[in-house]
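What follows is a single structure, written as structure tokens, with notes after it.
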Amino acid sequence: MRLELGEILIKDVQFGDVSKVENGTLFINRDEIVSLVMENEYIKSCKVDLAKPGEETRITPVKDVIEPRVKVDGPGAIFPGVINKVTTVGSGRTHVLKGAAVVTCGKIVGFQEGIIDMSGPGADFTPFSKTNNVCLVIEPAEGINQYDYEAAARMAGLRVATLIGELGRTVTPDVVHTYETKPLFEQAAQYPELPKVGYVYMLQTQGLLHDTYVYGVDAKKIVPTILYPTEVMDGAILSGNCVSACDKNTTYHHLNNPIIKHLYAEHGKSINFMGVIITNENVYLADKERSSNWTAKFTKFLGLDGAIVSQEGFGNPDTDLIMNCKKIEAEGVKTVIVTDEYAGRDGSSQSLADADPSANAVVTGGNANETIELPPMKKIIGMLDYTDKIAGGFDGSLRPDGSIVAEIQVITGATNELGFNKLTARMY
Amino acid sequence: MKFILVTNNRMVQERFKPGDTKNLTQVVYQENLDLIGVLAEARNLIHKGHRLLTHPLSGSVKPYETPFKSVAVTSEVEVLDFQSLQIIEESLATAKKFLADAKVIRYSDKVYDDFRLIDLNLILSGIESINQFG
């Protein structure tokens, strides 16, 4: 499967009469976006606002971040099984509005999280301070429960991102990247001298506010399976995960999974990148056993020499991570696991809830318990009234002047477990 | 598979009843237990030979935020299951670490209901898996 990813570099976003992309500027017709979102009867109101890098703006509580993309050639369309038909995607050509993002905000439950500061010290901790953001602040209709509100906000973001992505259909990209993975035997034969490496992609799947979707299927209902890596770039995996802002994967993270990109960068040089095994992180222990058995089975079945295993979330996914690691290593396949840490504010506590001697190659996305002071911002997109009650906030964390003292886990993407940020730890 | 629920969540106790919910034989419900108390209660059952069915640290909501927890164990008493014991002990250690490190936050009643709903939903996804084949 071969995918050309054409990046149209977006340097600015502005409101305009007509939605379009022109000379690197994304123009958005605000009314068009609002009417699209308001087609959903579960939504009472939608406020559209823009946030650009360097502005004194705080966006919160962030639910999802989505990169606008459009499929211009090849089977299927973006977000298959959800926005478009459930055609297998990942081949042909896709255009990306690189530097733009759709950010959804809403107070789905009373405790919330997810802060994006566009400037100041907090901006260093989130990749979305560098994107030109079209923000949707979504209020539910009267009497709508949390399930329907979450689904409505999720769909609103995806529909708006699809609408904006469409603006890039006829624009000539500034850069075109090509990614290709061949069918198994051909791929193995292409670089027979290089170690065969696969990617075990763990998805958060535990229930309300903790879900992920694959081709429209709730991923807690799947058994591990194999994807071509390029399918992920066309929106095969979507986030419905609203908890633990620092280490959840937004849809933007899935679309831009840096582990997949780095494995492709080494493909044909130091490794032979064979493909992606997706798996879940369920509540039921037998599900964990079955899924980790199957990931291990697939690594052997694919003839892998090594596997990168990335986790999503905190707590019981540590158990899935270690089960995957142990069982894959027991098949004789070397692993590197990617996680983050809750090691206490001073970093001295045990980092994970589970451990095993076979987990001897670990990459961390940072310590989510580190504290940070976020100064007040001139503009708030969303609402601040909950910030005393966010994960990682503590009593008095929202000061009267609007500044916030909290752990970095309040910041969207701060300790991302795909490595889509700057924090890590090195041993010398 | 027959199971027992250990919970301090009123919404879970109201939703799942022995004789009403398939395979549920008993609900150990104590509203005044804290999260550590629920895990300790589950550990007591594991010591008696019940096997852990759902992960005690389900969800990404942190132990110092939500006070609510529901855990399912098997109804049948067998020999001590060491994997269950290991998971419950590690979960207790993690929960204690979180609670020692952070101040517990007081929320409004509405927020506590949201926490109850999340816990209900997580255990519901576990119960669906437990019950899907009778």
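From first to last, the protein sequence lines stand for chains C and V. Counted the way my numbering counts, the first sequence spans residues 17 to 444. Counted the way my numbering counts, the second sequence spans residues 951 to 1084. For each residue, glycine too, the CB sits at the ideal point set by N, CA and C. What you are looking at is a predicted structure, and each value in this text was computed from that prediction instead of being measured.
In the three-state DSSP reduction, G291 (chain C) falls in the strand class (E or B).
Around the beta carbon of L25 (chain C), fewer than 16 other beta carbons sit within 10 angstroms, so the residue counts as exposed. For Y165 (chain C), no CB of chain V lies under 8 Å from its own CB, so it is not counted at the interface with that chain. Collapsing the DSSP output to three states places S61 (chain C) in a strand.
For D370 (chain C), the chain V residues whose C-beta falls within less than 7 Å of its own C-beta are E1040, listed in chain order. The closest CA to that of K63 (chain C), considering only C:A117, C:I154, C:T147 and C:I353, is found on C:I154.
T221 (chain C) and V1027 (chain V) have their C-alpha atoms spaced approximately 30 Å apart. CA-to-CA, the gap between S308 (chain C) and K101 (chain C) works out to about 30 Å. Taking 7 Å as the Cβ-Cβ cut-off, the stretch 1002 to 1035 of chain V approaches chain C at L1002, L1003, T1004, H1005, L1007, S1008, G1009, S1010, V1011, K1012 and E1015, given in chain order.
Taking 8 Å as the threshold, the shortest C-beta distance from S365 (chain C) to chain V falls below it. DSSP places F314 (chain C) inside the alpha helix (DSSP H), whose first and last residues are L301 to F317. In its chain, beyond the 5 residues on either side, K212, N288, M290 and G319 have a beta carbon closer than 8 Å to the beta carbon of A204 (chain C).
Only N298, V299, Y300, L301, A302, D303 and K304 from the stretch 284 to 305 of chain C bring a Cβ to less than 8 Å from some Cβ of chain V.
In terms of CA proximity to C258 (chain C), C:E129 leads the group C:A302, C:S419, C:P199 and C:E129. For T335 (chain C), the neighbours in chain V by C-beta distance under 7 Å run, in chain order, H1005 and I1037. Comparing C-alpha distances from G181 (chain C) to each of C:V112, C:T188, C:L200 and C:Y207 shows the shortest one belongs to C:V112. Within the DSSP bridge table, the entry for D234 (chain C) names C:Y229 as partners.
Under a criterion of Cβ atoms nearer than 8 Å, the residues of chain V adjacent to Q162 (chain C) are, in order, D1064 and L1067. When beta bridges are read from the DSSP output, Y244 (chain C) appears opposite no residue. Considering only C:I397, C:I427, C:L368 and C:E357, the residue with the shortest C-alpha distance to A441 (chain C) is C:E357.
Here L42 (chain C) carries a strand assignment [DSSP, helix/strand/coil]. Among the residues of chain V, those whose CB is under 7 Å from the CB of Q222 (chain C) are S1008, G1009, L1072 and S1075, following chain order. Beta-bridge pairing by DSSP links M218 (chain C) to C:T295. Fewer than three pairs of CB atoms, one per stretch, sit closer than 8 Å, so the stretch 43 to 50 of chain C makes no contact with the stretch 230 to 240 of chain C. For S326 (chain C), the nearest beta carbon of chain V is not closer than 8 Å to its own beta carbon. Neighbourhood of L225 (chain C) in chain V, by CB distance below 9 Å: G1009, S1010, V1011, I1068 and N1071, in chain order. For P333 (chain C), the closest of C:I396, C:K304 and C:V379 by C-alpha to C-alpha distance is C:K304.
Burial of H1005 (chain V) is indicated by the presence of at least 16 other C-beta atoms within 10 angstroms of its C-beta.
With a contact defined as Cβ atoms closer than 8 Å, H997 (chain V) and L1030 (chain V) qualify at about 7 Å. Its Cα nearest to that of L179 (chain C), the residue C:I99 stands out among C:K123, C:I99 and C:V248. Straight-line spacing of the CA atoms in P96 (chain C) and T197 (chain C) works out to 20 Å. When the beta-carbon positions are compared, P156 (chain C) and I75 (chain C) stay at least 8 Å from each other. Contact between A169 (chain C) and K79 (chain C) holds, with the beta-carbon distance rounding to 5 Å and staying under 8 Å.
With its beta carbon less than 8 Å from one in chain C, I1080 (chain V) belongs to the interface.
Spanning the alpha carbons of P274 (chain C) and G329 (chain C) requires a straight line of approximately 17 Å.
At least one C-beta of chain C is nearer than 8 Å to the C-beta of T1044 (chain V).
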